[in-house]
Amino acid sequence: MLPVLVGVILIIFTLMYITPGDPASILLGEQARPEDLAALRLEMGLDDPFLVQFANYITRIVRLDFGMSYVTKRPVFTEIYDRFFTTMLLAGISVLVSVLAGIPLGILCAVKQNSFFDSITQVFGLIALSMPNFWLGLMLMLIFSVNLAWLPATGFTTPLHWILPSLTIGLSGAGVIMRFTRSSMLEVIRQDYMRTARAKGQKESVVIMKHALKNTLIPVVTVIGLSFGGLLGGAVLTETVFAIPGLGNFMVQSIRSRDIPIIQGGVLMMAIVFSFVNLLVDILYSYIDPRIRSQYK
Numbered sequence: 000m001l002p003v004l005v006g007v008i009l010i011i012f013t014l015m016y017i018t019p020g021d022p023a024s025i026l027l028g029e030q031a032r033p034e035d036l037a038a039l040r041l042e043m044g045l046d047d048p049f050l051v052q053f054a055n056y057i058t059r060i061v062r063l064d065f066g067m068s069y070v071t072k073r074p075v076f077t078e079i080y081d082r083f084f085t086t087m088l089l090a091g092i093s094v095l096v097s098v099l100a101g102i103p104l105g106i107l108c109a110v111k112q113n114s115f116f117d118s119i120t121q122v123f124g125l126i127a128l129s130m131p132n133f134w135l136g137l138m139l140m141l142i143f144s145v146n147l148a149w150l151p152a153t154g155f156t157t158p159l160h161w162i163l164p165s166l167t168i169g170l171s172g173a174g175v176i177m178r179f180t181r182s183s184m185l186e187v188i189r190q191d192y193m194r195t196a197r198a199k200g201q202k203e204s205v206v207i208m209k210h211a212l213k214n215t216l217i218p219v220v221t222v223i224g225l226s227f228g229g230l231l232g233g234a235v236l237t238e239t240v241f242a243i244p245g246l247g248n249f250m251v252q253s254i255r256s257r258d259i260p261i262i263q264g265g266v267l268m269m270a271i272v273f274s275f276v277n278l279l280v281d282i283l284y285s286y287i288d289p290r291i292r293s294q295y296k
């Protein structure tokens, strides 16, 4: 996980380094005197070589010093912390929507393979997977907020505010999880031990939920962990559409104002969360599959 984080830091820092624009000019304005710009660049270390700037940035990050925002003049860590949990709540609810919709539908599609239900569910899953988040969010807002007036269109203060943004992000993840669950379940239900379980007189529900589902979870849990990164990326656009005061919306505003420390800190924080989620998925393998757990005893 640590090399991945260092690689992410290097990529983001390099992209911000080569992007046109002078941070000193952003801070002082276009009317600043050349001597003031030169003094500020020297103070910020912008005249140092690339490797020196990168080493200094790594050193500050280890101390949780992400720098100061060019726009708000507040510490980047404070700005991210104030909005981080809103984005994590949105991503967490979206994952829950994806799992609760994707896994049961995938199981039913596998059990009823090639049926009308299987075909229509796969079509809807492909549509949900293909629709851009910002377009789906606008359509949901138009239907449920403008026309029906059932749900609020913006904000994230009450559970009613959570529904539309979570559906916007979660439906695409549900399509991915549904397809993986279906394909994994189809491989499992054809195994010999499944026929043995049925021959013993086990109920079909017990055979599916106890024997088949447990052996299907490894690839499903993997794709859930991987899709979490996509959900975080979708949160950036979704928060902008629904005017949610989260980290994603704040990063979009920072991109417009070229607030480089906020952009770097926000992307790095999302990368850290994504890395920890994948680490958690790796640990869950040993609890799901006894064969993996036995290798470490």
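With the first letter of the sequence shown counted as 1, position 240 gets the number 239 in numbering that gives the first Met the number 0; the numbers rise by one all the way through. All C-beta atoms, glycine included, are put in the ideal place defined by N, C-alpha and C. Remember, it's a predicted structure, so these values are computed and weren't measured experimentally.
How far does the alpha helix (DSSP H) with residue i in it extend, from its first residue to its last?
i	result
Q303	As shown, the chain starts at 0 and ends at 296. That puts residue 303 outside it, with no answer to give.
G101	75-110
A54	49-61
L150	From DSSP, L150 is part of no alpha helix (DSSP H); its letter is neither H nor E.
V187	158-188
N214	212-240
F143	Run containing F143: none; DSSP gives neither H nor E here.
A37	33-43
P19	Neither: P19 is in no alpha helix (DSSP H) and is coded neither H nor E.
G245	First-last for G245: undefined, no H or E at that position.
D117	115-129
With distances taken from CA atoms, which of the options is nearest residue i?
i	options	result
H210	D288, F241, F273	D288
S144	T195, A152, I243	A152
L14	L1, E34, Q30, F49	F49
I168	T156, A31, S93, I8	S93
V36	A23, D47, D46, G44	Sequence inspection shows Leu at residue 36; the Val mentioned does not correspond to that position. The option with the nearest alpha carbon to L36 is A23.
F133	L236, F123, L27, P33	L236
R189	Y16, F273, T215	T215
M258	F65, M130, G200, P244	In the sequence under discussion, the amino acid at residue 258 is Asp, which differs from the Met named in the question. Of the listed residues, the one whose Cα sits closest to D258 is F65.
G160	E238, V220, S114, T195	Here residue 160 turns out to be His, not Gly, going by the sequence shown. Of the candidates E238, V220, S114, T195, the one whose C-alpha sits nearest the C-alpha of H160 is E238.
V220	T120, S253, S285, A196	S285
A173	L147, F123, Y69, D191	F123
Report the CB separation of residue i from residue j in whole angstroms; it is logged as a contact under 8 Å.
i	j	result
I102	T180	5 Å
M67	R73	7 Å
Y136	V276	Per the sequence shown, the amino acid found at residue 136 is Gly instead of Tyr. In fact, because the Cβ distance is near 23 Å, the residues do not count as touching under 8 Å.
L125	F116	At roughly 15 Å, the Cβ-Cβ gap does not stay under 8 Å, so L125 and F116 are not in contact.
A90	A234	6 Å
V175	V222	6 Å
F53	L1	About 16 Å; that fails the 8 Å criterion.
Check whether the Cβ atoms of residue i and residue j lie closer than 7 Å to each other.
i	j	result
M269	L231	yes
S171	L128	yes
V75	I271	no
L163	L139	yes
M177	G105	yes
S183	P158	no
L267	R82	no
S256	L4	no
Let me check you understand the geometry: is the CB of residue i closer than 6 Å to at least one non-hydrogen atom of the ligand ADP?
i	result
L107	For the ligand ADP, the structure offers nothing, since it holds no ligand at all.
7 Å is my cut-off, CB to CB: does residue i come that close to chain B?
i	result
F65	The chain inventory of the structure shown lacks chain B, comprising one protein chain alone.
> Taking contact to mean at least 3 C-beta pairs separated by less than 8 Å, is the stretch 277-286 in contact with the stretch 218-228?
Replying inline: Judged by Cβ distances under 8 Å, the stretch 277-286 makes contact with the stretch 218-228, as three or more pairs qualify.
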